[in-house]
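Protein chains in written order, with this note's numbering: chain A, -2 to 92; chain B, -2 to 92.
Virtual Cβ for every residue (Gly too), placed ideally from N, Cα, C.
Predicted, not measured: the structure shown is a model, and the values here were computed from it.
2 protein chains.
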Amino acid sequence: MLQLEEAELLAARFKALSDPNRLRILSIVSSNQDAETCVCDLPGPLGLKQPTVSHHLKILVDAGILHREKRGVWAYFSVVPGALESLGSTLLPKA
Amino acid sequence: MLQLEEAELLAARFKALSDPNRLRILSIVSSNQDAETCVCDLPGPLGLKQPTVSHHLKILVDAGILHREKRGVWAYFSVVPGALESLGSTLLPKA
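Structural data, given as C-alpha cells:
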C-alpha cells in the first residue's frame, strides 16, 4: 500500500492538475518539447486574462510540475523533467 | 491544445485522485489485479472508519475510476479497465 507521506505528496500534485485551465496550460507548455513557453503566449489561445494565467502557472510551479525562469520582462515556463512521468507511472499497473 | 470539454473531464478525474486516502485506497484495489477488493477489507489497513472509506469509494466510482458490484452484504471494487492508463498517458509526452 502507498505510504501516507508519499500519498500526500502525490495528492497535492494531482490537485494541481484538477483544473481544466491548468491542464490546457500544461498541454501547451508540454507540447513545446525543446523550448520554453513565454507567459506572454498563453492568454491568447486560452482565452484567459494574464493574471488568471499567472495564478494557474504559480500553482503548477508550486506543485513541482512546471519550472519558471524570469528573463527580462517575461517569465518562461517548461515542464520539470520527470515530473509528469512519475505521476503517470504511479497510475499505471506495476509490471 | 487540449480542448475545453476534454480538459474538464480529465480535471474531474484528477480531482478524484487529489486526496491521500483515495490514492491509498486505489493502491490497494489496483494491486489486486485479478480480483476484486471487498469494502470490508479496506478500513483496517487504512486506519479509517467504514463510512469514511465508503465516502471516498463513491467519489472514485463517480469519477469512472472504480467499478462497484454489490453481492450479498458487501460491495466489491475493481479498477475500471483502461481508466488509469488513459489518465497516465495524458500526462506523458507524446512520442
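*Is Lys46/B helix, strand or coil by DSSP?*
Looking at Lys46/B - three-state DSSP - the assignment turns out to be coil, as it is neither helix nor strand.
*Which residue spans inside the region 53 to 88 of chain B form an unbroken alpha helix (DSSP H) run of at least 4?*
Runs of the alpha helix (DSSP H) inside the region 53 to 88 of chain B: 80 to 88.
*asked:* Assuming contact is defined by CB atoms lying nearer than 7 Å, are Ser64/B and Val50/B in contact in what I supplied?
replied: In the sequence on display, residue 64/B carries His and not Ser. Their beta carbons are not under 7 Å apart, which means His64/B does not touch Val50/B by this criterion.
_Is there a Cβ of chain B sitting closer than 7 Å to that of Leu11/A, yes or no?_
The amino acid occupying residue 11/A in the given sequence is Phe; Leu does not appear at that position. Against chain B, the CB of Phe11/A has a partner CB under 7 Å away; the residue lies at that interface.
*At least 3 beta-carbon pairs within less than 8 Å: the region 36 to 50 of chain A vs the region 41 to 55 of chain B*: Result no; under three Cβ-Cβ pairs closer than 8 Å.
_On the DSSP letters alone, give me the boundaries of the alpha helix (DSSP H) that Glu3/A sits inside._
Here the alpha helix (DSSP H) through Glu3/A covers Leu1 to Ala13.
*Contact residues within the region 38 to 68 of chain A, judged by C-beta distance below 7 Å to chain B*: Taking 7 Å as the Cβ-Cβ cut-off against chain B, the residues of the region 38 to 68 of chain A that qualify are Pro42.
*By the criterion of Cβ-Cβ separation under 9 Å, what are the contact partners of Ala72/B in chain A?*
Within chain A, no residue has its CB atom less than 9 Å from the CB of Ala72/B, the nearest being about 20 Å off.
*Expressed to the nearest angstrom, what Euclidean distance is found between the alpha-carbon atoms of Arg68/B and Glu33/B?*
Computed Cα separation, rounded: 12 Å.
_Gly79/A at chain B interface by Cβ criterion, 7 Å_ = No, Gly79/A lies away from the interface with chain B (no Cβ there is under 7 Å from its Cβ).
_Let me see if you follow: with CB-CB separation under 7 Å, is Ile22/A close to chain B or not?_
By this cut-off, Ile22/A is not an interface position.
*Roughly how many angstroms lie between the CA atoms of Gly79/A and Gly61/A, to the nearest whole one?*
So the alpha carbons of these two residues sit roughly 10 Å apart.
*Closest Cα partner of Ser24/B within the set Ser83/A, Arg10/A and Leu(-1)/A*: Residue nearest to Ser24/B within the set Ser83/A, Arg10/A and Leu(-1)/A is Leu(-1)/A (criterion: CA-CA distance).
*asked:* I'd like to know if Glu5/A contacts chain B, where contact means its C-beta is closer than 7 Å to some C-beta of that chain.
replied: For Glu5/A, at least one C-beta of chain B is nearer than 7 Å to its own C-beta.
*Along chain A, which residues have their Cβ under 7 Å away from the Cβ of Ala32/B?*
None at all; the shortest Cβ gap to chain A is about 13 Å.
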